[in-house]
Amino acid sequence: MISFAQNHEYLLNPVDGFSRKKTSYITLNDGTELSGTIKKLKRKKGLFEEITLNTDSGKEKIKAEKISHMYLPQGGLDKLADAMDVMDNAQRWDGDNTINQEYIKDGYAYFESAEVQIKKKKTQTLLLQLLNPAFSNKVKVYHDVYAKESGGLGIGGIQMTGGRDKSYFFKKGNDVAFKLKKKQYGEQAASIYDDCKDYYETIKSDLKWARFEQQIYEYSQTCK
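In this text, residue positions in the sequence shown follow the numbering used here: the first is 270, and each later residue adds one.
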């Protein structure tokens, strides 16, 4: 089934297709900045392993573990899908000033290296797409490439509505990111909002997954 959008109001749509004509921008862990057009993307189970760029100085192969963060230009259906989201939410582009919001408005997906809790005593560093670049100072919501989607309205094999991810990688402050699942939101909400108890009191009777995006946004804006 083709999916044009998840109809996110507060989080950007996850991106899977990238333009090979528009410039990509990559910053390495040592601070080196690279720019060029995508020649090849090597991924395993949806996660980046290696990116090859055509730069002014020639072909550059970059291992994912060497990347601090990057802006990749959306292409094809992904670009069309996110265009309306960006326009509708333009008033929210006043957040994290470490992220180039102009790139985001221009249809770029932002990825950064994040330490993620995989098992109880095991963490792994992954290159993940940040879905809330406009309000990520307090909490960060990353796309979970393994996430299943909830149902929505489909017409002729094309997903038109719904399709909300059932899990995200969630990071609060300097904590290690963890997988937040739909079925766990209610029980984990108290710890998510523990530094803003007044706000938590207003939403604790309405902790529905369909409200997660809005509640995270309101929390970020209310409890600074």
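No residue lacks a Cβ here, since even glycine has one placed at the ideal position from N, Cα and C.
Check, Outcome
"Nearest residue (CA-CA) to E334, options G455, Y454, I295, Q453", "I295"
"Secondary structure of Y454, DSSP reduced to three states", "helix"
"Beta strand (DSSP E) segment containing T324, residue limits", "316–324"
"Cα-Cα separation between N369 and G315, rounded to whole angstroms", "24 Å"
"Residues near K308 in its chain [Cβ-Cβ closer than 8 Å; skip 5 each side]", "R289, T321, L322, N323, K328"
"Residues near I331 in its chain [Cβ-Cβ closer than 8 Å; skip 5 each side]", "I295, L297, L303, E319, I320, T321, L322"
"Extent of the continuous alpha helix (DSSP H) to which F481 belongs", "481–491"
"Where E302 sits in the DSSP three-state scheme", "strand"
"For S382 and S337, believed in contact at Cβ under 8 Å, the rounded distance", "6 Å"
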